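Peer 1: Chains as they are written, first to last, in my numbering: chain G, 13 to 303; chain F, 13 to 303. Beta carbons are placed, not taken as given, at the ideal position from N, Cα and C, and that holds for glycine. It should be emphasised that the depicted structure is a prediction, and the values quoted were computed from it without experimental measurement.
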């Protein structure tokens, strides 16, 4: 008979002061714990009214869709496009609204269903809390992921500010011309159903605060309600001294471990009782602007 | 040696057509499966610009706070009040912004910390999916709840559109004059830390689409940005033929069981692969307007 004892509590191997908050831990992190996001993965969308939205694309998870999107951005496909759907607690969606605009050369009209990728090549740091949708969730390459150990696949999780590809009914996979950003509770039911291609790293409030559409599914009733897209460009095509730059906190860093521990166990002058766990979408990888 | 076999799948005892969606199941539900919400639990807030927000209060979970809030509503405490904080992916908050307005008679200045209630008296229908914050979550009296079996307590869960009581640092509990509604991913870390007193049942989009505040924590910088509250009243004080009415789907009904099953296992022309589970905040009790 083997005596069973409770497992020891999981604590990061890094020390941090009592009363530390997620913010204070990020402020005390070291520069080398942050990973620069390549300029060629950053898509810059300027909405009418000087509202800039910056999206980090995820070629590691949906390479064909992301190549399409970069080609669309570079060739001006979204000139004249607009945000035409804002569905409360769900998504804001933009594009050419299913007009038959000719596709630029190099764009794959029907990409494969990039709804998961091989687990191989990803070194997943576990969240360490139960998840309603997957046996294991965690972080890899700066992204929140859901892991299917049996199938040996990983899926980019749909959280607030995630960016995905609008599509018609299956087997359509969407070519990338119609995109949405999540503006509500993470719709994780979409995780293995639709191509998740990135996240808004700056300016999500310009999408989340738009008036909601009154038609079914949040579509705007009148075209006059559409929010025009003035310009779309990849950051890599902007002059070096003008381009936006962002970095994410390496999930393998000591500061990330401390940050995640405190996200689960907040105890300070406001959080009087630690939760003991955290939802993946309430603890997405920290991203910040860099110089 | 005992042979182990996988447990049988959990299915509701109700039949529903293949390809059923949450919407189609609600449409096919019976009138007697819905429970009318008492008019005296409905607080009606009219924002400037004909924007009406209706909140259902939860006296079963935070009775003293709710009594306070009803007294504040009935005595015009919020005349001249406004929405003064909109924090993206978190909360919209309103009230008199910590001015020293005298409290009406009967209002308890420092209510008890109503952050959970006895499990006794609640017949919780389990969600049946893992939760990052609690050993068990489910539904009781029309509300999403998190259960602490050891302490025999239940907590109203913080989901999108939940309404809670702003407070200062602990041990302050907030008297109910400053309220917030959740406009982002369910901040469940607040569950046992702050008084959750209800939910927006209509008009959440009037709060979630407001411009975000640019000061720390989403406070508006200029008072000119505040969104005035024109009127606050309990539905029970509105003429019977003019008052708004709402009802929720009984969690013990057959249609609720079918609805929850399909929320976890969507399989239709769009959802090509069932998730097998659902997050509590992605499956909050259905509420609808009634005649």
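Could you compute how far the alpha carbon of residue 283(F) sits from the alpha carbon of residue 202(G)?
Peer 2: Cα to Cα, the separation comes out at about 8 Å.
Peer 1: Should residue 143(G) be flagged as near chain F, meaning a C-beta pair shorter than 8 Å?
Peer 2: yes
Peer 1: Let me know if residue 229(G) comes out buried or exposed under the rule of 16 or more other beta-carbons within 10 Å of its beta-carbon.
Peer 2: When all chains shown are included, residue 229(G) counts as exposed.
Peer 1: Which residue wins for smallest C-alpha separation from residue 98(F), given the options 135(F), 73(F), 76(F), 196(F)?
Peer 2: 196(F)
Peer 1: Quick one: which residues of the region 28-40 of chain G get their C-beta closer than 9 Å to a C-beta of chain F? List them in chain order.
Peer 2: Sequence-ordered contacts of the region 28-40 of chain G with chain F are nonexistent [C-beta pairs closer than 9 Å].
Peer 1: Can you tell me the Cβ-Cβ gap for residue 289(F) and residue 127(G), rounded? I've got them flagged as a contact below 8 Å.
Peer 2: Rounded, the Cβ-Cβ distance is 17 Å, inconsistent with contact.
Peer 1: Hey, is residue 201(G)'s beta-carbon within less than 8 Å of any beta-carbon in chain F?
Peer 2: yes
Peer 1: Determine the DSSP secondary structure at residue 174(F), reduced to helix, strand or coil.
Peer 2: strand
Peer 1: How would you call residue 261(G), buried or exposed, if buried means at least 16 neighbouring beta carbons within 10 angstroms?
Peer 2: Per the 10 Å Cβ criterion, buried.
Peer 1: If you measure beta-carbon to beta-carbon, which residues of the region 275-301 of chain G are closer than 7 Å to chain F?
Peer 2: Under the 7 Å Cβ criterion, the region 275-301 of chain G contributes 278, 281, 282, 283, 284, 285, 287, 289, 290, 291, 293, 294.
Peer 1: For chain G, is any of its Cβ atoms less than 8 Å away from the one on residue 238(F)?
Peer 2: no
Peer 1: Does the beta-carbon of residue 253(G) have 16 or more other beta-carbons within 10 angstroms, so that it is buried, or is it exposed?
Peer 2: exposed
Peer 1: Write down the C-beta distance between residue 81(G) and residue 69(G) rounded to the nearest angstrom, noting that I regard them as a contact closer than 8 Å.
Peer 2: Their Cβ separation, rounded to whole angstroms, is 6 Å, which keeps residue 81(G) and residue 69(G) in contact under 8 Å.
Peer 1: Using the rule of at least 16 other Cβ atoms within 10 Å of the residue's Cβ for burial, across every protein chain shown, is residue 35(G) buried or exposed?
Peer 2: exposed
Peer 1: Taking contact to mean at least 3 C-beta pairs separated by less than 8 Å, is the region 137-157 of chain G in contact with the region 290-300 of chain G?
Peer 2: yes
Peer 1: Within 10 Å of its beta-carbon, does residue 18(F) have 16 or more other beta-carbons around it, so buried, or fewer, so exposed?
Peer 2: Unreliable placement is indicated for residue 18(F), whose pLDDT of 46 sits below 50; the coordinate value is still reported in the next sentence. Exposed, by the Cβ-count rule.
Peer 1: Nearest chain G C-beta to residue 303(F) closer than 8 Å, yes or no?
Peer 2: Put simply, the CB of residue 303(F) is far from chain G, with every gap to its CB atoms at 8 Å or more.
Peer 1: In the DSSP assignment, what are the bridge partners of residue 105(G)?
Peer 2: Looking at the DSSP assignment, residue 105(G) forms a beta bridge with 97(G), 192(G).
Peer 1: When you compare each of 206(G), 281(G), 255(G), 273(G) to residue 54(G) by their alpha carbons, which one comes out closest?
Peer 2: Closest by alpha carbon: 255(G).
Peer 1: Is residue 78(G) near residue 219(G), with beta carbons less than 8 Å apart?
Peer 2: no
Peer 1: What's the C-alpha gap between residue 60(F) and residue 100(F)?
Peer 2: Each residue's alpha carbon lies about 21 Å from the other.
Peer 1: Could you please tell me which residues of the region 214-234 of chain G, in chain order, have their CB closer than 8 Å to any CB of chain F?
Peer 2: So the list reads 216, 217, 220, 221, 222, 223, 224, given in the order they occur along the chain.
Peer 1: Have a look at 96(F), 269(F), 110(F), 95(F) and flag the residue whose alpha-carbon is nearest the alpha-carbon of residue 186(F).
Peer 2: The shortest C-alpha to C-alpha distance from residue 186(F) to any of 96(F), 269(F), 110(F), 95(F) is the one to 110(F).
Peer 1: Which one or two residues does DSSP pair with residue 31(F) in a beta bridge?
Peer 2: Paired residues: none, contrary to the question.
Peer 1: With a threshold of 8 Å, are at least 3 pairs of Cβ atoms found where one atom belongs to the region 229-239 of chain G and the other to the region 204-212 of chain G?
Peer 2: No: fewer than three Cβ pairs fall under 8 Å.
Peer 1: Sort out for me which residues DSSP pairs residue 277(G) with in a bridge.
Peer 2: In DSSP, residue 277(G) forms no bridge with anything.
Peer 1: Select from 67(G), 27(G), 41(G) the residue whose C-alpha is nearest the C-alpha of residue 244(G).
Peer 2: 67(G)
Peer 1: Given a limit of 9 Å on CB to CB distance, which residues of the region 84-100 of chain G reach chain F?
Peer 2: 98, 100
Peer 1: Does the beta carbon of residue 205(G) come closer than 8 Å to any beta carbon on chain F?
Peer 2: yes
Peer 1: Can the beta-carbon of residue 268(G) be found less than 8 Å from the beta-carbon of residue 213(G)?
Peer 2: No, these two residues do not count as a Cβ contact at 8 Å.
Peer 1: Counting only C-beta atoms, is residue 197(F) closer than 8 Å to chain G at any point?
Peer 2: yes
Peer 1: The ligand PLP heavy atoms versus the CB of residue 258(F): any closer than 7 Å?
Peer 2: What this structure holds is no ligand at all, so the ligand PLP is not there to describe.
Peer 1: Whole angstroms are fine: how far does the CA of residue 139(F) sit from the CA of residue 94(G)?
Peer 2: Cα-Cα distance, rounded: 39 Å.
Peer 1: Would you kindly work out how many angstroms separate the C-alpha atoms of residue 43(F) and residue 303(F), rounded to a whole number?
Peer 2: Going by the C-alpha atoms only, they are around 11 Å apart.
Peer 1: Given residue 50(F), which residues of its chain have a CB within under 8 Å of its CB, disregarding the five upstream and five downstream residues?
Peer 2: 248
Peer 1: Leaving out five residues before and five after residue 246(G) in sequence, what residues of the same chain have Cβ atoms less than 8 Å from its Cβ?
Peer 2: 51, 52, 54, 55, 56, 82, 85, 86
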